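Read the structure below first, then the notes.
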Amino acid sequence: MVQLPAFEVEQWMDKYETTPGVLNIAETCCASISIDQLVQFNSSSREKDAARPLIDFSARLTYGAIRGSDELRQNIAATYNEDEGTAAAAAAPGTSPLSPEDVIVTQGAISANYLVFYSLVGPGDHVICVFPTYQQLYSVPESLGAEVSLWKLTPEKAYIPDVAELQSMIRSNTKACITFSRTYLDT
-6 MVQLPAFEVE
4 QWMDKYETTP
14 GVLNIAETCC
24 ASISIDQLVQ
34 FNSSSREKDA
44 ARPLIDFSAR
54 LTYGAIRGSD
64 ELRQNIAATY
74 NEDEGTAAAA
84 AAPGTSPLSP
94 EDVIVTQGAI
104 SANYLVFYSL
114 VGPGDHVICV
124 FPTYQQLYSV
134 PESLGAEVSL
144 WKLTPEKAYI
154 PDVAELQSMI
164 RSNTKACITF
174 SRTYLDT
């Protein structure tokens, strides 16, 4: 059985994030709002579409599409394709537009990270992970049998990554280098 170490930041948040009168600067999500506030926000921000209700109460609540609804995946692809012709598109010439079939919707970054790790990492692999970072990014590859090397950012170097150090960490079995997360945000 896979044994993951306790996610310390999650335990800390469970203990302190709802403490009355304390400003939670460790939170990684936006403040929650009620359905009433969401409806009010929707009505005031989309005048032309105000006739369309925010929630379709006649829709059946099923398990839903495994990869995300077709409409949502189309909208996500369209959002990324709006950059066509911009600097982002120029940086990758010859690439085709993102199609809805290329989009998978998850419940959040944690689920997306698990999909990536389960797809790419296994026993005998080597993973380099920037540190400090969200614990999942180094604990999960380790739990899958990979050896994880931490690419440590330090206050002495103003937390600026040392690329020469990274290059020295790469091995023949290095499968991934995880550098995309920020120390204050896991998404």
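So for the sequence shown, our numbering puts the first residue at -6; every next one is plus one.
Even glycine gets a Cβ: it sits at the ideal position worked out from N, Cα and C.
Everything numeric in this text was worked out from a predicted model, so none of it was measured.
In this structure, how does DSSP classify residue i when only helix, strand and coil are distinguished?
i, result
"S161", "helix"
"L91", "coil"
"L113", "helix"
"V98", "coil"
"S12", "Residue identity differs from the one stated: residue 12 is Thr in this sequence, not Ser. The answer is coil: DSSP assigns T12 none of H, G, I, E or B."
"I69", "helix"
"V156", "helix"
"E75", "coil"
"V(-5)", "coil"
"F34", "helix"
"L143", "strand"
"A52", "coil"
"A58", "coil"
"I103", "helix"
"T176", "Reliability of the predicted coordinates at T176 is poor, the pLDDT of 46 falling under 50, and no value is obtained from them."
"I28", "helix"
For residue i, which of the options has the nearest alpha-carbon?
i, options, result
"V2", "Y152, A105, M162, S132", "S132"
"V141", "S62, S51, R164", "R164"
"Q100", "S62, D7, S136, K150", "S62"
"A71", "M6, P148, D95", "D95"
"P93", "R60, G115, L108", "R60"
"V(-5)", "V156, E149, N166, P116", "P116"
"D29", "A52, T12, I48, L54", "I48"
Inspect the beta-carbon positions of residue i and residue j and report whether they are closer than 8 Å.
i, j, result
"S120", "I69", "Correcting the residue type first, residue 120 is Val in the shown sequence and not Ser. For V120 and I69, no; Cβs fall outside 8 Å."
"L159", "P125", "no"
"Q128", "N106", "no"
"V98", "L65", "yes"
"D118", "A102", "no"
"L91", "K168", "no"
"L(-3)", "S136", "yes"
How should residue i be labelled, buried or exposed, when 16 other C-beta atoms within 10 angstroms of its C-beta is the threshold for buried?
i, result
"A24", "exposed"
"P184", "Not covered by the structure: residue 184. The range shown for the chain is -6 to 180."
"V15", "exposed"
"V123", "buried"
"F110", "buried"
"A80", "Here the model assigns A80 a pLDDT of 49, short of 50, so the residue's position is not dependable and the matter cannot be decided."
Is any non-hydrogen atom of the ligand MG found closer than 7 Å to the C-beta of residue i, if you look at the structure I gave you?
i, result
"E75", "Ligands displayed in this structure: none; no statement on the ligand MG is therefore possible."
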